[in-house]
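Protein chains in written order, with the UniProt record's numbering: chain A, 1 to 264; chain G, 1 to 264; chain F, 1 to 264; chain B, 1 to 264; chain L, 1 to 264; chain Y, 1 to 264. Cβ atoms here follow ideal geometry from the backbone N, Cα and C, with glycine treated the same way. Just so we're clear, the structure is a prediction, and the values are computed from it rather than from any experiment. First comes the structure, then the notes that go with it.
6 protein chains.
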Amino acid sequence: MKRLLITGAAGGLGSVMRTKLAHLADTVRLSDVADMGTSASNEELVECDLSDEQAVNELVEGCDGIVHFGGVSIERPFRQIMAGNIHGVYNLYEAARAHGMPRIVFASSNHTIGFHTQDTHLQADCVTKPDSLYGVSKCFGESMASMYHSKFGQETAIVRIGSSFEKPTNHRMMATWFSYDDFTRLIERVFSVRKLGCPIIWGVSANDEHWWDNSQASFLGWVPKDNSEIFREEIEARNERPDADSSQSRWQGGHFCDEPIYKD
Amino acid sequence: MKRLLITGAAGGLGSVMRTKLAHLADTVRLSDVADMGTSASNEELVECDLSDEQAVNELVEGCDGIVHFGGVSIERPFRQIMAGNIHGVYNLYEAARAHGMPRIVFASSNHTIGFHTQDTHLQADCVTKPDSLYGVSKCFGESMASMYHSKFGQETAIVRIGSSFEKPTNHRMMATWFSYDDFTRLIERVFSVRKLGCPIIWGVSANDEHWWDNSQASFLGWVPKDNSEIFREEIEARNERPDADSSQSRWQGGHFCDEPIYKD
Amino acid sequence: MKRLLITGAAGGLGSVMRTKLAHLADTVRLSDVADMGTSASNEELVECDLSDEQAVNELVEGCDGIVHFGGVSIERPFRQIMAGNIHGVYNLYEAARAHGMPRIVFASSNHTIGFHTQDTHLQADCVTKPDSLYGVSKCFGESMASMYHSKFGQETAIVRIGSSFEKPTNHRMMATWFSYDDFTRLIERVFSVRKLGCPIIWGVSANDEHWWDNSQASFLGWVPKDNSEIFREEIEARNERPDADSSQSRWQGGHFCDEPIYKD
Amino acid sequence: MKRLLITGAAGGLGSVMRTKLAHLADTVRLSDVADMGTSASNEELVECDLSDEQAVNELVEGCDGIVHFGGVSIERPFRQIMAGNIHGVYNLYEAARAHGMPRIVFASSNHTIGFHTQDTHLQADCVTKPDSLYGVSKCFGESMASMYHSKFGQETAIVRIGSSFEKPTNHRMMATWFSYDDFTRLIERVFSVRKLGCPIIWGVSANDEHWWDNSQASFLGWVPKDNSEIFREEIEARNERPDADSSQSRWQGGHFCDEPIYKD
Amino acid sequence: MKRLLITGAAGGLGSVMRTKLAHLADTVRLSDVADMGTSASNEELVECDLSDEQAVNELVEGCDGIVHFGGVSIERPFRQIMAGNIHGVYNLYEAARAHGMPRIVFASSNHTIGFHTQDTHLQADCVTKPDSLYGVSKCFGESMASMYHSKFGQETAIVRIGSSFEKPTNHRMMATWFSYDDFTRLIERVFSVRKLGCPIIWGVSANDEHWWDNSQASFLGWVPKDNSEIFREEIEARNERPDADSSQSRWQGGHFCDEPIYKD
Amino acid sequence: MKRLLITGAAGGLGSVMRTKLAHLADTVRLSDVADMGTSASNEELVECDLSDEQAVNELVEGCDGIVHFGGVSIERPFRQIMAGNIHGVYNLYEAARAHGMPRIVFASSNHTIGFHTQDTHLQADCVTKPDSLYGVSKCFGESMASMYHSKFGQETAIVRIGSSFEKPTNHRMMATWFSYDDFTRLIERVFSVRKLGCPIIWGVSANDEHWWDNSQASFLGWVPKDNSEIFREEIEARNERPDADSSQSRWQGGHFCDEPIYKD
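In structure tokens:
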């Protein structure tokens, strides 16, 4: 690619993937509302509020690929979620439509299906069961991606990210861990497959313990390599086993299922 | 019921159902941003903008049932849809949560699944394929209803309305027509079943020509009685058969699939 | 038929069906451990304890059809259930095998699946979820019928009876009511179809409110005619609406889900 | 329609439908290799061997609808089946493609799925299990229809005819009977729906006893009205109940499952 | 665990697992009706007849985990099966309920589904098809586990054991072999997962040749490591290939499908 | 085996497999209409036109296994396809029936399902969607195999071959590549399993990028070992990425979906 846009580049995941994805394009354009530090040689830094339609339009112009980490990524008051994850997503898709419809990786979340129990084995076309306003907003983003695909042909890889951290840090993450390297390889495939469409992909590594089945995305040729099992002993040593009736043990969304509605 | 709230009471469907549902409660509270005319003896008229959190909170207080027709019901610029169908729905559910969680009939739409082809026979748990920003906003409402049910126990009947008019007026409506009487009977059942949960119900009469299967909602004991077939001759006499490749013939959402994105 | 055996003929259902099924055979042999009153002209009364292998063997001899209502039909201490519904069923199938394998109508029960929620629409091949020791014993009977069919070719109609009474008497029975006439017509079909096999049939009338789908038994040519809806007003007038969280509203098995384990 | 072609017009079914379908077009063109008698006022009689590519091309020219009953309709030596049902079908589709792709009703057969057992409830997308060379040739016709639809947009209604006679004449036909009137109404719908596609439709009346589910074709708006049940007494009086292990009782295809391979 | 109970410890499988599972608890309590030899340092030996309610109650007291191998494990006269596998299972669950509901590993069997053909690929929620009185009794045990879970929250791992021997010894076992080590690892996971529920797990190694899919139990994080393929040559050298029509080749339950009903 | 017949032995695949399969039988009989070169020591060369019933009968006599590569393997005029792939297949099955019904490996093709989109994950029992006359003829062969199995017990392994070449040579083959070695191992298993039946098997290696799921054939114990991924770099270096809207990117059948109907 000539120019890849990564939104939310100052966030936890964004700041890691900024480096991991550097090789994918001549120029990587990074955006956030927060400080992104200094730019590397092939980086462009653009401060941008996703709820600003004109700003997003300019941000997307000239890009031939988008990795959209931007917006709110935890439970927040609705007004914040509406600005970043609803208005922001609309702005992004309108901007993409205006500028040649570059492929989009949309960072969706396991919180779209968080109220499925952990003993449920899910396919990508399962019924959604969001666990929070955040989860509802990610369902909204998936709906938007679907509509722009059906109506305009915009391609999106909807990645329902599990827990993308350096390593799992609690029992539940043994099932949800998504290594940076597996995520990187997935994004590489998304931008190299001959036809993407608008698949829903479980963003999860090849963990022994797992709830999600990526069969429906097998056409991508992406096969995760990492496995949380190597951290089993460490996790079990450092964490008490959660109670069988706690959200950590019961729901796929974990503690998000317990989050209250926050008010501004 | 003591008091039933009907939002969107000045709209096409709302103004009809206002009369049809009068017997369900001692008092019917009606709301809209538009003029609702004069109130009948058991009616309360409340002008209310759904995007006003405080106003909606007051609107819902004291009601033990809600029929939510309010918001935008056709394709509109995103800002209007966001105000009425996204912010408005959030406000409604928060108000309901604050006031005893009265049962809600949520007027969803076939435009949540409009990009399924007409030869597809759908169950309620099918994958959504919205056909418009409007359709996406209705998917959002369904997600919100789901989350408030899983998390707080709020019950909602999600009714994916086909075409609720006095009679069908074009070929496509032979499959999607939903008579006022069948809709009335459905709402009666929703407020009398011992446990509602959060079912998705196809809002459609017992038409010979049909795409939607309500088996998954058979526990409601609702069986539609009307059938568009009695209008077949009239429809075919007054309307040319749409081209096989037109949206009217191809997609369940009909012409909504052709609507552009409107700008303010 | 020359001789039809009806077990459990002194029970509530048995004593009704004794009359309704009289036309099916030249002689009707009735059995129970309890008093069956006086015999009609074409009846033979045989007192028989189902847990007595030899007695059951003699009971079955000479019969070319069996309607098995015998055994325990409510929650009881395990020892009683084991005698009537487990040992008794084994004895019945062994007797049938010894005497030409006459077709059997096995009175199974909705309590084999009682822990499915009432908003679940079930097919005959659904997973069982028994709600009581009684329900577990009926699952056992179904397993026995299946094994004797696979291994020896014994045909059985497994009828998962809902609520077979003169009319429904509470809200839950609006969904589970099985009229005597519909049951009679079903048994007529069972004994006249050219090949029965070992189907599971939901024993339920054509109620507007329903949870069970008999599509998989459509080859029998049995179509129930009665509908609990005609009793709706009466039921709702005489009974308070059960609480949404009660077993009556939540589980298909109703109050059986609340029954404790009884000790002798 | 201006001109409707009916092939196989001298056959049992063809000669009945010739009259029943007369109202569908200004002119009905009839073809067969056998004698078709004298023509009615709006009829054209064309003797035609379906295996003659040029003759079929001329036969189809000028027609805006085709009902294809032609070819072999019982088990025959392969050479005859190949000529009529394989070469003939290819010739028909090539002729249709050359002349504007008029809609086709393809008379397929239950013998495409004859080796399913009678206690199996089938949807239109079930696995085929042909029971004869004839059944295999009808599978071939269905494959051809599918390919011409995917590749060229040719629309076909694939009708898997059960037993289309004036009335059922044996036990098995209680399940498979397809009344002439129901078939006529189906063909009327096929030529009037706005988009046909290439659906598989079970050609069967609304019999109480049945194996086939037409849900997937509900978009046609066709609802059969007749029911073999009115002939039940007559059938059972005139025919002995077939043995449970006979093909009449076991397989959906009935005695075709017993047919040998015929040699020329 | 402080104390793990293993029933059936004198049996073939029990006597192996007694050693393999020793590390799981401070004390391992072993029970059987047969002689269990001498006890190791952390073992308690308890002679116990499973059909003795009081004895079982005492056996279970003080245990915080149960591996239930006890009862009959081959086809036997019904009275023996009823004592060990029916009455015994009831006694075990009642004892567990009385003593804090320790997790149970229930040794179920492939003979619950033995009459599925070997070319059928089964999920855990498949229809059962028991092949023997023994198989029926194991279905009973599964029903009991399900009921105690739904009603009281008792957790059970239902393990449908294939062929758990040191190595496969005939052709059919190439598909059903379950290595001791894989079984051991499964039991370790059962006692360490944060929430078990009541899953059905195929007790089988990672054999190239296989019939059973453990996807629905993937939440356990158990991945079998052994593969019968390493014994292929040996098996084929020492055993004649069974006839294609024999039970060894046809049914998943193998020769159990041929077993007669044994009388006392 | 004593004698294995390989038809189509002069073709691309046939000439490779001739060597690879040599170890399977004492004698390998090879047939084709084209020149097969000189025979190796354990080979018999038989020139044979598959549309010649008598010749095929003689060809099959004395063989105890058949690998049927013969007939047309690309899109051709219908008359050629009818001769080789329709008449020829009938002749082969009749010959097999006459001579002890040796097991048959039938070389079917992905072109039976070519009009499924590449983002569809298919099971073996999926609906066929042939993409060419060639694909239709392979559907015919599958139907024939099914019928001979149901009716006469003839066993066939239906192998839907992807792209069986030395290595993949374009992007689409990354998903469809079927290595010679994996094919060889599959055929070895087909001739050694104790019961074959008539399974449909996807003929494809263990490619990271894939569309087809062989779960339903897991009873064969065949696990492919090769993976196209090792050729990824080479493929991407030598081939331009096909346009997202081209048949190479859209349909599983690739360019066959674009083939016209050829005339003689």
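#1: Can you say whether Ser31/L is buried or exposed, counting buried as having 16 or more other CB atoms within 10 angstroms of its CB?
#2: Quick check on Asp226/B - is its C-beta less than 8 angstroms from some C-beta in chain F?
#3: Looking only at DSSP bridge pairs, what is Ile6/B linked to?
#4: So is Glu233/B in contact with chain F if we call contact Cβ pairs under 8 angstroms?
#5: Express the C-alpha separation of Gly141/G and Asp181/A in angstroms, rounding to a whole number.
#6: To the nearest angstrom, report how far apart Asp208/G and Trp222/B are at their CA atoms.
#7: If distances are taken between C-alpha atoms only, which option among Ser179/B, Asn170/B, Val193/B, Arg185/B comes closest to Met173/G?
#8: What residues from chain Y crowd round Pro168/A, counting only those whose CB sits closer than 7 angstroms?
#9: Could you name the residues of the stretch 235 to 247 of chain F whose beta carbon sits closer than 7 angstroms to any beta carbon of chain G, in the order they occur along the chain?
#10: Can you give me the Cβ contacts of Gly8/Y inside the same chain, cut-off strictly under 8 angstroms, excluding the 5 residues immediately before and after it?
#11: Please name the residues in the UniProt domain "NAD-dependent epimerase/dehydratase" (5 to 163) of chain G whose beta-carbon is closer than 7 angstroms to at least one beta-carbon of chain F, in chain order.
#12: Nearest CA to the CA of Pro199/F: which residue from Ser215/F, Val89/F, Val16/F, Arg185/F?
#13: Rounded to whole angstroms, what's the CA-CA distance from Leu45/F to Arg29/F? Just pull it up for me.
#14: Report the rounded CA-to-CA distance for Asn42/L versus Thr19/L, giving the unit in angstroms.
#15: Restricting to Cα atoms, I'd like to know which of Asn170/F, Lys225/F, His149/F, Thr169/F is closest to Thr184/F.
#16: At what residue ranges does the stretch 223 to 262 of chain Y contain a whole run of the alpha helix (DSSP H), taking only runs of 4 or more?
#17: Cα separation between Pro130/Y and Thr128/B?
#18: Does the separation of the CB atoms of Met88/Y and Ser109/Y fall below 8 angstroms?
#19: In chain order, which continuous runs of the beta strand (DSSP E) of length 3 or greater are located wholly inside the UniProt domain "NAD-dependent epimerase/dehydratase" (5 to 163) of chain G?
#20: Specify, as a first and last residue, the run of the beta strand (DSSP E) that Gly203/Y falls within.
#21: Cα-Cα, which of Ala175/B, Leu133/B, Tyr93/B is closest to Phe165/B?
#22: For Ile201/F, which residues in chain L fall below 9 angstroms Cβ to Cβ?
#23: Taking a Cβ distance cut-off of 9 angstroms, strictly less, list which residues of the stretch 173 to 207 of chain G are near chain B, in chain order.
#24: Looking at the C-beta of Trp251/F, does it have a partner C-beta in chain G at a distance below 8 angstroms?
#25: Nearest CA to the CA of Trp251/B: which residue from Arg160/Y, Lys151/Y, Gly203/Y?
#26: Rank Lys167/B, Cys126/B, Tyr262/B, Glu94/B by C-alpha distance to the C-alpha of Trp202/B and give the top, closest one.
#27: On the DSSP letters alone, give me the boundaries of the alpha helix (DSSP H) that Phe219/Y sits inside.
#28: Between Met1/Y and Leu24/Y, how many whole angstroms is the CB-CB distance? I'm expecting something under 8 angstroms.
#29: I'd like to check one pair, His121/F with Ser218/G: are the Cβ atoms closer than 8 angstroms?
#30: Less than 8 angstroms between the CB atoms is what I'm expecting for Gln154/Y and Arg97/Y, so what's the real figure, rounded?
#31: Comparing the C-beta of Ile230/A with each C-beta of chain G, is any distance below 8 angstroms?
#32: Within 8 angstroms of any Cβ in chain G, is that where the Cβ of Asp258/F sits?
#33: Could you check if Thr38/Y is buried or exposed, using at least 16 other CB atoms within 10 Å of its CB as the buried criterion?
#34: From the DSSP output, read off the bridge partner residues of Trp177/L.
This is what the structure holds:
#1: Ser31/L comes out buried.
#2: No, its Cβ sits nowhere closer than 8 angstroms to a Cβ of chain F.
#3: In DSSP, Ile6/B forms a bridge with Leu30/B, Val67/B.
#4: False, the Cβ-Cβ gap to chain F never drops below 8 angstroms.
#5: In a straight line, the C-alpha of Asp181/A is about 36 angstroms away from that of Gly141/G.
#6: If I take the Cα positions, the gap works out to 7 angstroms.
#7: For Met173/G, the closest alpha carbon among the candidates Ser179/B, Asn170/B, Val193/B, Arg185/B is that of Val193/B.
#8: Going along chain Y, no residue has its Cβ under 7 angstroms from Pro168/A, so there is no contact; the nearest lies around 25 angstroms.
#9: Under the 7 angstroms Cβ criterion, the stretch 235 to 247 of chain F contributes Arg241, Pro242, Ala244.
#10: Excluding sequence neighbours, Gly8/Y sits near Gly14, Ser31, Asp32, His68, Phe69, Gly70, Gly71, Ser73, Ala107.
#11: Shown here is that no member of the UniProt domain "NAD-dependent epimerase/dehydratase" (5 to 163) of chain G has a Cβ falling below 7 angstroms from a Cβ of chain F.
#12: Put simply, of Ser215/F, Val89/F, Val16/F, Arg185/F the residue whose alpha carbon is nearest the alpha carbon of Pro199/F is Ser215/F.
#13: For Leu45/F and Arg29/F, the gap between their C-alpha atoms comes out near 6 angstroms.
#14: Asn42/L and Thr19/L have their C-alpha atoms roughly 11 angstroms apart.
#15: When C-alpha distances from Thr184/F are compared across Asn170/F, Lys225/F, His149/F, Thr169/F, the shortest belongs to Lys225/F.
#16: Counting only runs of 4 or more, we get 232 to 238, 247 to 250.
#17: Those two C-alpha atoms are separated by around 15 angstroms.
#18: According to the sequence as given, residue 88/Y is Gly; it is not Met. No, these two residues do not count as a Cβ contact at 8 angstroms.
#19: For the UniProt domain "NAD-dependent epimerase/dehydratase" (5 to 163) of chain G, whole beta strand (DSSP E) runs of length 3 or above, ordered along the chain, are 27 to 32, 43 to 47, 65 to 68, 103 to 109, 156 to 161.
#20: Its beta strand (DSSP E) spans residues 200 to 203.
#21: The candidate whose alpha carbon is nearest that of Phe165/B is Ala175/B.
#22: Those within 9 angstroms of Ile201/F in chain L number zero; the least Cβ separation is about 15 angstroms.
#23: Within the stretch 173 to 207 of chain G, the qualifying residues are Met174, Ala175, Asn207.
#24: For Trp251/F, the closest Cβ of chain G is not nearer than 8 angstroms.
#25: Nearest C-alpha to Trp251/B: Lys151/Y.
#26: Ranking Lys167/B, Cys126/B, Tyr262/B, Glu94/B by Cα distance to Trp202/B puts Cys126/B first.
#27: Careful: Phe219/Y lies outside any alpha helix (DSSP H) and carries neither H nor E.
#28: With 8 angstroms as the limit, Met1/Y and Leu24/Y qualify as a contact, their Cβ atoms being about 6 angstroms apart.
#29: Less than 8 angstroms separates the beta-carbon of Ser218/G from that of His121/F.
#30: Right, their Cβ atoms sit about 6 angstroms apart.
#31: Not closer than 8 angstroms to any Cβ of chain G, the Cβ of Ile230/A fails to qualify, so no.
#32: Taking a beta-carbon distance threshold of 8 angstroms, Asp258/F does not count as an interface residue toward chain G.
#33: Answer is exposed; the Cβ neighbour count stays below 16.
#34: DSSP lists Ser163/L as the bridge partner or partners of Trp177/L.
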